[in-house]
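A.B. asks:
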Amino acid sequence: MDKQQQQQQHHHHHQQQLSLAKSSRQRYNEWIFRDVPSDITIEVNGGTFALHKFPLVSRSGRIRKLVAEHRDSDISRVELLNLPGGAESFELAAKFCYGINFEITSLNVAQLCCVSDYLEMTEEFSKDNLGSRAEEYLESIICKNLEMCVEVLQQCENLLPLADELKIVSRCIDAIASKACAEQIASSFSRLEYSSSGRLHMNRQAKCEGDWWIEDLSVIRIDLYQRVMTAMKCRGVRPESIGASLVNYAQKELTKKSSLWNPSGQTKVDLVSTGHERLVVETVVSLLPVEKLAVPISFLFGLLRSAVMLDCTIACRLDLERRIGSQLDIATLDDLLIPSFRHAGDTLFDVDTVQRILVNFSQQDDSEDDMDDASVFESDSLHSPSQSALFKVAKLVDNYLAEIAPDANLKLAKFMAIAETLPAHARTIHDGLYRAIDIYLKAHQGLPDADRKKLCKLIDFQKLSQEAGAHAAQNERLPLQSIVQVLYFEQLRLRNALCCSYADDDHKPVHHQSWRISSGALSAAMSPRDNYASLRRENRELKLELARLRMRLNDLEKEHVCMKRDMAKSHSRKFMSSFSKKIGKLSFFGHSSSRGSSSPSRQSYRTDSKVIERTCASTD
């Protein structure tokens, strides 16, 4: 199918050349001398021109030499090979030789410069020849207008390398860069205004009109566009303007063909189109400004996806990964979800690329920390910019892990490598990491116990919120060792909460309410099923702890009764001091023992052991 399309395109191109030659022949018949017979025939790219030697020899040094070399044989037919611009350009040159007036424009000046050089139509052979006329128009008209320079560059695409040798391309590029820089300066001046205090300042809200050239440059071929952007950088055009132009150019070039976004994956794409798109991506990446935020990070991720799909050079992809890593804290989850295109049995998403991006982020974060050691130690704050970026990236990574965890082809080593890329202090709460690991365990139920233990070691169960801890405590997918850790830390948290609530009776209901509210924040983010299960677990834990506290309270009340009896028998000071030490143990409950709470606890004492047994049985 591809070969057939190429043959059709070649046939169509050949037909165009023939029709062009035919139309040129019809047009030159209108202005040629009809009353004088032709004495020379010129062949140009399949087109023939029956002309006269004298007008051509008087203006063209090349034709004069050809005629002089074959004076003896009286040459009557000349073929001009590789004439720039083809039959159309030669027709204009022939008209000039015959003294026929025509207009020099931005659409033909490059052709006229090239054809005049090829035919040697210089001042040496005739005054005010075609070469000097075209050069004058190029310098005085074209180079003073940016849009015209762009049109000339488009015409030069088919005239290389001669147009380059004649410096037509370089002069137009320099003119475009100069005009763009001047427009930018003029736009900046137009936004200057005086404040109420009489000071001159820049109005940031006013629209910048100095970048109107961005749309014009999007029509240039990629090699010439690269040279224009390089010249603009040298002239000092703003990085934001360069970035905006690159975004506009890439979006237009990469969406011209549908091969880049071929949904089937099995249909063969056009190799020429793919090669062009690869060249566009690699060139745009090489032109990206070094300044951060010169282009949106979503655009960088789009380039990276294209680079992966088109199999661009390693240097190109690594450069994009480094740029993305330096500003990863402003990325979104959708940005990180880069599809994998290489192998059928590979993961759904490109995990290796994301890991390299995370490594770049961690390394640049470390380098920034090394540079700013003094400021870090002076401020001693956890909320420095780098730490803030770490928190954002940690949350992003946890969400990414949860997204890729269900993939059956995702190996444990890759999952753990992503999770371990960030330093330990990046996560203040491990709820997101626990959720991702739980999803992975659910999707990979055949994972050996040793691998499950290794995976769960990534979680710091002490950094789980109350809701996540309650969920983990009854999660059968976790290893037994992890569940024991969860229960231990939950027990500590519960004791601390009860200690704080009993320390002051007046604040007990308020504290209990706030405790519920804080736990409800996470439960809102959990599924209804997990939320219900965690509430049941929390209820059982509270019942168990209350039963234990009642038993402890009864034990203390017994000690209190025994101490009273001992006091009645002995009134020594030594006993009183030991009594005061034992009374100190009651301070754990605060004022609860002084409120007359011993009576209810006596009534419930008989059932406490049964409650504990039932509760333990239900948890098991």
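Take 1 as the starting number for the sequence shown in the UniProt record's numbering and just add one per residue. Ideal Cβ positions, reconstructed from N, Cα and C, are used throughout, including at glycine. Keep in mind it's a predicted model, so treat the numbers as computed, not measured.
1) Give the straight-line distance between the Cα atoms of residue 219 and residue 177, rounded to the nearest whole angstrom.
2) Taking the beta strand (DSSP E) that residue 51 belongs to, which residues open and close that run?
3) Just list the residues that DSSP pairs residue 347 with in beta bridges.
4) Exposed or buried, residue 434, counting other C-beta atoms within 10 Å across all chains shown (16 or more means buried)?
5) Give the C-beta separation of residue 466 and residue 495 to the nearest angstrom, bearing in mind that I take them to be a contact with Cβ-Cβ under 8 Å.
6) Here's the rule: buried if 16 or more other CB atoms are within 10 angstroms of the residue's CB, otherwise exposed. What is residue 488?
7) Using 10 angstroms around the beta-carbon of residue 291, count the other beta-carbons present and answer buried if the total reaches 16, otherwise exposed.
8) Fully enclosed by the UniProt domain "BTB" (38 to 106), which alpha helix (DSSP H) runs are 4 residues long or longer?
9) Between 114, 89, 94, which lies nearest to residue 40 when the distance is taken from Cα to Cα?
10) What's the call for residue 184, buried or exposed, on a 16-neighbour Cβ count within 10 Å?
11) Measuring only the C-alpha atoms, how far is residue 181 from residue 145?
12) Look at the Cβ atom of residue 313, then the Cβ atom of residue 282, and state whether they are nearer than 8 Å.
13) Tell me whether residue 565 is buried or exposed, calling it buried when 16 or more other Cβ atoms sit within 10 Å of its Cβ.
14) Please say whether residue 238 and residue 288 have beta carbons closer to each other than 8 Å?
15) Going by C-alpha distance, which of 418, 243, 235, 284 is nearest residue 224?
16) Let me know the secondary structure DSSP gives residue 15 once reduced to three states.
17) Would you list the one or two residues that DSSP bridges to residue 339?
18) Return the CA-CA distance between residue 174 and residue 152, expressed in angstroms with no decimal places.
19) Report the rounded CA-to-CA distance for residue 279 versus residue 315, giving the unit in angstroms.
20) Is residue 93 close to chain C, meaning its C-beta is less than 8 Å from at least one C-beta of that chain?
21) Quick check on DSSP: helix, strand or coil for residue 211?
22) Pull up the CB-CB distance for residue 363 and residue 421, whole angstroms please, since I reckon it's below 8 Å.
23) Take the Cβ of residue 213 as the centre, count every other Cβ of all protein chains shown within 10 Å, and call the residue buried at 16 or more, exposed below.
24) Taking 8 Å as the threshold (C-beta atoms), are residue 80 and residue 90 in contact?
25) Determine the closest residue to residue 415 out of 389, 390, 425, 451, with distance taken between C-alpha atoms.
26) Taking the continuous alpha helix (DSSP H) assigned at residue 471, which residues delimit it?
27) Going by beta-carbon coordinates alone, are residue 242 and residue 233 separated by less than 8 Å?
28) Quick one: is residue 537 buried, meaning 16 or more other Cβ sit within 10 Å of its Cβ, or exposed?
29) Can you check which of these residues, 439, 329, 87, 304, is closest to residue 319 by C-alpha distance?
30) Can you tell me which of the three DSSP states residue 391 falls into?
31) Let's test the definition: count the other Cβ atoms within 10 Å of the Cβ of residue 236 and tell me whether it reaches 16, buried, or not, exposed.
32) Please return the same chain residues whose Cβ sits closer than 6 Å to the Cβ of residue 170, not counting the five positions on each side in sequence.
33) Are three or more beta carbon pairs between the region 441 to 457 and the region 385 to 397 nearer than 8 Å?
C.D. replies: Based on what the coordinates show:
1) As a working note, residue 219 is residue 219 in the sequence shown. As a working note, residue 177 is residue 177 in the sequence shown. For residue 219 and residue 177, the distance between alpha carbons rounds to 16 Å.
2) Here residue 51 refers to the residue found at position 51 of the sequence shown. Start and end: 47 to 51.
3) Position 347 of the sequence shown, counted from the start, is the residue given in the question as residue 347. Its beta-bridge partners do not exist; DSSP assigns none.
4) Position 434 of the sequence shown, counted from the start, is the residue given in the question as residue 434. So residue 434 ends up on the buried side.
5) For this step, residue 466 is matched to residue 466 along the sequence shown. For this step, residue 495 is matched to residue 495 along the sequence shown. In fact, because the Cβ distance is near 13 Å, the residues do not count as touching under 8 Å.
6) Here residue 488 refers to the residue found at position 488 of the sequence shown. Residue 488 comes out exposed.
7) Within the sequence shown, residue 291 is the residue found at index 291, counting from 1. With fewer than 16 Cβ atoms within 10 Å of its Cβ, residue 291 is classed as exposed.
8) 53 to 59, 61 to 69, 86 to 97
9) Counting from 1 along the sequence shown, the entry for residue 40 is found at position 40. Cα-wise, what sits closest to residue 40 is 94.
10) The count along the sequence shown starts at 1 and reaches residue 184 at position 184. Buried, because 16 or more other Cβ atoms sit within 10 Å of the Cβ of residue 184.
11) By one-based count along the sequence shown, residue 181 stands at place 181. By one-based count along the sequence shown, residue 145 stands at place 145. Their Cα atoms are separated by approximately 13 Å.
12) Taking the first residue of the sequence shown as 1, we reach residue 313 at position 313. Taking the first residue of the sequence shown as 1, we reach residue 282 at position 282. Closer than 8 Å, so yes.
13) Working through the sequence shown from its first residue, we reach residue 565 at position 565. Counting Cβ neighbours within 10 Å, residue 565 comes out exposed, since fewer than 16 surround it.
14) Start at 1 with the first residue of the sequence shown, and residue 288 comes out as number 288. Start at 1 with the first residue of the sequence shown, and residue 238 comes out as number 238. No, Cβ-Cβ distance for residue 288 and residue 238 is not below 8 Å.
15) Along the sequence shown, read from residue 1 onward, the residue named residue 224 stands at position 224. It is 284.
16) On the sequence shown, position 15 is the one that residue 15 refers to. Residue placement at residue 15 is poorly supported in this model, since its pLDDT is 47, which falls under 50; the coordinates still yield a value, given next. In the structure shown, residue 15 sits in a helix (DSSP, three-state: H, G or I).
17) Along the sequence shown, read from residue 1 onward, the residue named residue 339 stands at position 339. In the DSSP output, where bridge partners are listed per residue, residue 339 has 349.
18) The count along the sequence shown starts at 1 and reaches residue 174 at position 174. The count along the sequence shown starts at 1 and reaches residue 152 at position 152. Cα to Cα, residue 174 sits roughly 13 Å from residue 152.
19) The residue labelled residue 279 in the question sits at position 279 within the sequence shown. The residue labelled residue 315 in the question sits at position 315 within the sequence shown. Straight-line Cα distance between these residues: approximately 13 Å.
20) Among the protein chains of the structure shown there is no chain C, as only one such chain exists.
21) If you number the sequence shown from 1, residue 211 lands on position 211. In this structure, residue 211 counts as coil in the three-state DSSP scheme.
22) Sequence index remark: in the sequence shown, residue 363 carries index 363 (1-based). Sequence index remark: in the sequence shown, residue 421 carries index 421 (1-based). Incorrect: roughly 10 Å between the Cβ atoms, too far for contact.
23) Here residue 213 corresponds to residue number 213 of the sequence shown, with the count starting at 1. Buried.
24) Start at 1 with the first residue of the sequence shown, and residue 90 comes out as number 90. Start at 1 with the first residue of the sequence shown, and residue 80 comes out as number 80. Contact flag set, yes.
25) Here residue 415 corresponds to residue number 415 of the sequence shown, with the count starting at 1. Minimum Cα distance to residue 415 is reached at 451.
26) As a working mapping, residue 471 is identified with position 471 in the sequence shown. That run of the alpha helix (DSSP H) goes 466 to 473.
27) Translated into the one-based positions of the sequence shown, residue 242 becomes position 242. Translated into the one-based positions of the sequence shown, residue 233 becomes position 233. Yes, Cβ-Cβ distance for residue 242 and residue 233 is below 8 Å.
28) Residue 537 sits at position 537 when you count from the first residue of the sequence shown. It is buried - the Cβ of residue 537 has at least 16 other Cβ atoms within 10 Å.
29) Position 319 of the sequence shown, counted from the first residue, corresponds to residue 319. Of the candidates 439, 329, 87, 304, the one whose C-alpha sits nearest the C-alpha of residue 319 is 304.
30) Taking the sequence shown and counting its residues from 1, the one referred to as residue 391 is at position 391. Of the three classes helix, strand and coil, the one that applies to residue 391 here is helix, per DSSP.
31) Indexing the sequence shown from 1 puts residue 236 at position 236. By the 10 Å Cβ count, residue 236 comes out exposed.
32) Translated into the one-based positions of the sequence shown, residue 170 becomes position 170. If we look at residue 170 and ignore the five residues flanking it on each side, it has no Cβ neighbours.
33) no
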